[in-house]
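Working notes, structure below.
2 protein chains.
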Amino acid sequence: MDQLGELAALVGAANVITGDDAQGYLTDWRGRYSGSALAVVRPGSTQEVADVVKWCGRHQVPIVPQGGNTSLCGAATPDDSGHALVLSLGRLNSVREVDTDNDTMVVEAGCILQTVQQTARDVDRLFPLSLAAEGSCTIGGNLACNAGGTQVLRYGNARDLVLGLEVVTAQGEIWHGLRGLRKDNTGYDLRDLFIGSEGTLGIITAATLKLFPLPVAQCTALVGLQSVEAAVSLLSIARKGFGPALTGFELIAGNCLHLVTHHFPQQRMPFDGPSAALPWYALLELSDSESADHARERFETVVGDAIEAEVVVDAVIAENISQSKALWHLRESIPLAEKEQGKSIKHDVSVPVSSMADFVRTTNEAIQSRFPGLEHVIFGHLGDGNLHYNIARGTAFSEDDLLGQQEAIYDIVHRSVHHYHGSISAEHGVGQLKRDLLDQFKDPVEMKLMRLLKQTLDPHGIMNPGKVVISEAG
Amino acid sequence: MDQLGELAALVGAANVITGDDAQGYLTDWRGRYSGSALAVVRPGSTQEVADVVKWCGRHQVPIVPQGGNTSLCGAATPDDSGHALVLSLGRLNSVREVDTDNDTMVVEAGCILQTVQQTARDVDRLFPLSLAAEGSCTIGGNLACNAGGTQVLRYGNARDLVLGLEVVTAQGEIWHGLRGLRKDNTGYDLRDLFIGSEGTLGIITAATLKLFPLPVAQCTALVGLQSVEAAVSLLSIARKGFGPALTGFELIAGNCLHLVTHHFPQQRMPFDGPSAALPWYALLELSDSESADHARERFETVVGDAIEAEVVVDAVIAENISQSKALWHLRESIPLAEKEQGKSIKHDVSVPVSSMADFVRTTNEAIQSRFPGLEHVIFGHLGDGNLHYNIARGTAFSEDDLLGQQEAIYDIVHRSVHHYHGSISAEHGVGQLKRDLLDQFKDPVEMKLMRLLKQTLDPHGIMNPGKVVISEAG
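In the order they appear, the protein sequences are chains A and B.
The first sequence begins at 4 in this note's numbering and counts up by one.
The second sequence begins at 4 in this note's numbering and counts up by one.
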């Protein structure tokens with residue numbers, strides 16, 4: 004039997020995909036990375052995943068695990084050798100268990116994030132992970148890259164939402180670790196080792212997720228600010244005044260909002276006059292366990308104090324759900340408006356919140372001193388110290404000129420991030436995109452330990468090779 | 004130069020302790036474990052820790068890291084061979100940095116937990132880790148064993164309170180990982196691998212901790228319940244009604260409260276009549292970002308609804324801080340009252356909250372069917388599924404009879420925990436006490452991976468040997 008025949012015997016012929024039908028799995032969704040593969044296999048159970056991994060071990064065939072194929076760093080795309088197998092988790096998409104008394108659910112890796120959110124909502128619970136790709140990304144991919152998103156301030160990153168895992172190791176063994184326990188100190192934390200490893204140490208096939216009470220009401224406010232310093236002060240005030248009810252704190256540069264209202268004129272700036280022309284804005288979200296009125300009252304008290312203290316210049320507090328949605332829609336439309344404007348050079352970085360103002364100021368200066376006239380398009384999750392610090396061509400550069408300077412711009416921004424003890428990949432991961440930057444910016448002992456772990460858990464280098472870190476074995 | 008002379012050259016002669024002065028380091032605080040050692044060394048800096056570890060590597064001398072020596076499972080006590088060095092972190096006790104804008108602080112491993120809490124409070128912040136030994140345990144030990152405590156429901160275990168680490172590896176290299184970032188996806192999560200590894204993979208020398216806003220007010224209520232099922236229903240109601248303001252939910256069996264009021268008559272049962280004789284109670288704590296009045300009003304609303312729904316029989320809501328403290332004091336006095344009553348057989352276990360009622364019922368039945376008349380002393384952190392399920396001699400057994408059955412009782416309880424997919428060590432760790440139970444109760448693939456990690460990161464087996472897991476090398 005040939006190789007494809009052997010695979011078909013493991014997962015069924017219909018689930019071994021080659022030729023044109025495989026194309027959608029071989030290019031990432033933004034069209035930045037593409038590769039080729041021996042085949043795409045779609046196992047239908049954890050045991051079939053294990054069987055395929057064992058087969059790959061025997062034949063030294065590299066495996067590229069893939070969920071919704073929405074990686075922003077090429078983590079789920081094979082190289083162009085054509086030797087690898089793309090292992091799609093799409094058919095492992097059952098919700099295995101929902102336990103409301105324990106506030107947990109067990110889901111398989113191929114479940115779409117939106118399905119997971121909805122399943123929780125159906126039993127009056129919240130699964131808080133929320134990000135732009137939620138309609139197509141899978142929970143397995145979210146865990147593999149430790150996804151972030153807009154609710155991290157309150158609920159943490161993807162890893163913080165997981166109690167247990169089921170994993171197929173590089174040896175094709177199954178670790179049955181689907182525990183639903185909030186306290187378990189019986190040994191090393193393997194769970195967090197696999198979460199965030201981008202499929203390079205093993206394949207997550209299912210997870211026990213934490214659920215939370217669904218807030219009774221949510222309310223949103225947009226405030227105008229004179230500076231990033233003022234935004235940092237406001238964050239402190241808001242954390243004190245709202246406690247854990249503060250579930251969102253997004254920083255938005257003024258030009259981002261103007262970009263949105265320019266390209267999508269049905270959306271409107273909620274301020275008039277000088278308040279519509281401020282350099283910075285912040286979007287705050289409260290999740291309340293009492294009522295919408297209570298949330299609004301809390302906003303009025305705390306934001307009112309911040310206006311009196313001259314931290315906030317002006318504020319719009321949503322009167323109802325549709326106004327809250329309209330404010331969020333402004334924030335969520337920034338990437339789309341950016342795209343309308345043309346290509347830009349994007350960064351997903353984090354720095355300590357206390358360094359945020361200095362980081363923005365000195366990085367802007369460094370960009371302008373080398374490339375006068377480029378435009379800064381800055382927005383992000385200030386509460387997590389996470390900025391999407393993007394550079395657009397402005398009026399002084401052509402798109403080609405801008406893209407020609409991509410490496411130089413990356414370098415300016417990453418060096419600045421490093422100077423402020425930040426991270427060059429806050430929430431998107433490493434994949435292929437940033438793999439070769441890690442040695443430059445990470446502690447050498449940490450890199451040595453990472454290579455040692457890769458070498459130990461995947462000694463033949465078959466798990467998503469070329470992503471995150473290259474061990475000595477390759 | 005002899006070995007002690009070489010060590011004195013590394014850390015100073017005054018910090019190499021032998022003979023009688025070393026005794027306090029060689030026996031655990033409960034007097035359950037004792038051992039002997041070549042010496043106790045007290046390095047004064049991370050570099051000195053690294054120097055000592057390198058020296059130990061060259062001479063194949065095992066190292067037992069020790070913080071406040073408050074382990075409940077013998078994790079910080081050497082064996083009796085006399086070959087090991089006890090490495091006390093007590094002199095590494097600086098607070099290196101407090102960053103209020105970033106809500107973080109950097110502390111060295113030897114800082115006493117209470118000092119860490121107080122340092123946070125001094126800048127109007129909360130460091131929420133809280134447990135009985137806080138006056139003498141160190142943050143390094145808390146992280147090494149991933150301590151739990153009373154605030155886990157809201158703030159998580161020790162690992163959830165850490166952003167970055169500084170670690171001396173088994174090779175005596177220093178990993179500089181003191182990041183203060185809430186989002187960082189640049190590789191494998193080494194932080195969580197060292198946290199909870201009980202010093203068997205490396206030595207944590209410093210940590211970047213998360214700080215939280217100090218609540219404006221806290222309020223406590225004690226409620227009477229007919230059953231564990233009712234307590235689980237109330238937890239669900241309280242999580243919905245209070246959201247993240249619910250910072251404590253302790254389950255207490257009625258006999259525990261009577262034990263306290265019997266041995267400490269200055270403490271009083273806050274109920275009269277039939278409400279004072281209920282089988283179960285729960286202690287709830289709210290942390291409010293508005294006011295004490297608001298917290299009390301919320302209690303009245305939500306607990307009032309629970310009384311109307313016949314989930315709660317009766318309730319006492321503290322009128323002021325001193326009443327809140329008195330209610331907590333009842334809960335905190337249970338272990339002391341237990342001790343007054345005589346020796347007991349203790350378990351630190353967790354099960355899914357949804358299995359809690361069945362676990363208690365069937366385990367009680369199993370104990371009574373084998374040993375009629377033993378007394379169950381049950382209390383714990385219901386919100387985390389964590390019970391201290393203890394067995395006292397009651398009136399039918401002598402203390403010696405009880406202790407003679409210790410292994411049989413452990414076995415009944417642990418098998419029951421396993422049946423309900425629970426953990427035999429919820430928050431105290433493994434140490435020496437539970438090491439040999441792991442193979443019986445944990446997934447074999449997980450045990451294989453744990454041994455592989457131990458073997459990889461500590462190939463010569465010098466890091467706290469005999470604790471948690473034995474690798475093939477020993």
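Cβ coordinates follow ideal geometry from the N, Cα and C atoms, glycine included.
{"Query": "On the three-state DSSP scale, how would you describe residue 240 of chain B?", "Result": "helix"}
{"Query": "Would you mind stating whether residue 29 of chain A and residue 80 of chain A have Cβ atoms separated by less than 8 Å?", "Result": "yes"}
{"Query": "For residue 426 of chain B, does the count of other Cβ atoms within 10 angstroms reach 16, so buried, or fall short, so exposed?", "Result": "buried"}
{"Query": "Could you name the residues that DSSP lists as bridge partners for residue 415 of chain A?", "Result": "In the DSSP output, where bridge partners are listed per residue, residue 415 of chain A has none listed."}
{"Query": "Measuring alpha carbon to alpha carbon, tell me which of A:470, A:368, A:357 and A:375 ends up nearest residue 385 of chain A.", "Result": "A:357"}
{"Query": "Given residue 19 of chain B, which residues of its chain have a CB within under 7 Å of its CB, disregarding the five upstream and five downstream residues?", "Result": "7, 10, 11, 42 and 44"}
{"Query": "Rounded to the nearest angstrom, what separates residue 236 of chain B and residue 213 of chain A at their Cα positions?", "Result": "18 Å"}
{"Query": "Cβ of residue 191 of chain B less than 8 Å from any chain A Cβ?", "Result": "yes"}
{"Query": "Which residues in the same chain have their Cβ closer than 7 Å to the Cβ of residue 238 of chain A, if we skip the five residues on either side of it in sequence?", "Result": "252, 356, 385 and 386"}
{"Query": "Mind listing the chain B neighbours of residue 178 of chain A? Cutoff is C-beta to C-beta under 8 Å, in chain order.", "Result": "446, 448, 449 and 452"}
{"Query": "Give the interface partners of residue 350 of chain A over in chain B, defined as CB-CB distance under 8 Å, in chain order.", "Result": "Under the 8 Å cutoff, chain B gives no residues; its nearest Cβ is about 13 Å from residue 350 of chain A."}
{"Query": "Do residue 208 of chain A and residue 295 of chain A have their C-beta atoms closer together than 8 Å?", "Result": "no"}
{"Query": "Any idea if residue 359 of chain B is buried or exposed, counting beta-carbon neighbours within 10 angstroms, 16 or more meaning buried?", "Result": "buried"}
{"Query": "Show which residues of chain A have a CB atom less than 8 Å away from the CB atom of residue 245 of chain B.", "Result": "292"}
{"Query": "Could you tell me whether the segment 158-167 of chain A touches the segment 441-454 of chain A, using the rule of 3 or more Cβ pairs below 8 Å?", "Result": "no"}
{"Query": "For residue 234 of chain A, which residues of its own chain have a beta-carbon under 7 Å away from its beta-carbon, when the five flanking residues on both sides are left out?", "Result": "228, 254, 283, 285 and 385"}
{"Query": "Out of curiosity, what's the CA-to-CA distance linking residue 414 of chain A and residue 433 of chain B?", "Result": "46 Å"}
{"Query": "Taking the alpha-carbon positions, what's the residue 463 of chain A to residue 86 of chain A distance?", "Result": "15 Å"}
{"Query": "Please name the residues in the segment 19-49 of chain A whose beta-carbon is closer than 7 Å to at least one beta-carbon of chain B, in chain order.", "Result": "none"}
{"Query": "Across the segment 372-383 of chain A and the segment 391-410 of chain A, are there enough close Cβ pairs to call them in contact, namely three or more that are closer than 8 Å?", "Result": "yes"}
{"Query": "Cutting at 6 Å between CB atoms, please list the residues of its own chain near residue 136 of chain B, excluding the five before and the five after it.", "Result": "73"}
{"Query": "Thinking just about the alpha-carbon of each residue, which of B:322, B:142, B:246 and B:190 is nearest to the one in residue 431 of chain A?", "Result": "B:190"}
{"Query": "Would you say residue 336 of chain B and residue 267 of chain B are within 8 Å of each other, going by their C-beta atoms?", "Result": "yes"}
{"Query": "Would residue 185 of chain A be called buried (16 or more neighbouring beta carbons within 10 Å of its own) or exposed?", "Result": "buried"}
{"Query": "Pop quiz: residue 132 of chain B and residue 116 of chain B are said to be a contact at Cβ under 8 Å. What is the actual Cβ separation, rounded to whole angstroms?", "Result": "6 Å"}
{"Query": "Residues in its own chain within less than 8 Å of residue 198 of chain B by CB, not counting five upstream and five downstream?", "Result": "146, 147, 149, 161, 162, 165, 168 and 207"}
{"Query": "Expressed to the nearest angstrom, what Euclidean distance is found between the alpha-carbon atoms of residue 51 of chain A and residue 210 of chain A?", "Result": "17 Å"}
{"Query": "Where in the segment 80-158 of chain B do unbroken runs of the beta strand (DSSP E), each at least 3 residues long, occur, reported from the N-terminal end onward?", "Result": "88-91, 98-102 and 107-111"}
{"Query": "Starting from the beta carbon of residue 429 of chain A, find every residue of chain B whose beta carbon is closer than 7 Å, and list them in chain order.", "Result": "186, 187 and 188"}
{"Query": "Helix or strand or just coil, what does DSSP make of residue 400 of chain A?", "Result": "coil"}
{"Query": "Of all the options A:13, A:348, A:467 and A:288, which has the alpha carbon lying nearest to the alpha carbon of residue 331 of chain A?", "Result": "A:288"}
{"Query": "Could you check how far apart the C-beta atoms of residue 220 of chain B and residue 127 of chain B are, in whole angstroms? I think they sit under 8 Å.", "Result": "Incorrect: roughly 14 Å between the Cβ atoms, too far for contact."}
{"Query": "Are the beta-carbon atoms belonging to residue 423 of chain B and residue 361 of chain B less than 8 Å from one another?", "Result": "yes"}
{"Query": "Run through DSSP, which three-state label would residue 259 of chain B get?", "Result": "helix"}
{"Query": "Name the one or two DSSP bridge partners that residue 382 of chain B has.", "Result": "B:255 and B:391"}
{"Query": "What is the C-beta distance between residue 83 of chain B and residue 195 of chain A, in whole angstroms, given that I count them as a contact (C-beta under 8 Å)?", "Result": "The pair is not a contact, with the Cβ atoms about 35 Å apart (cut-off 8 Å)."}
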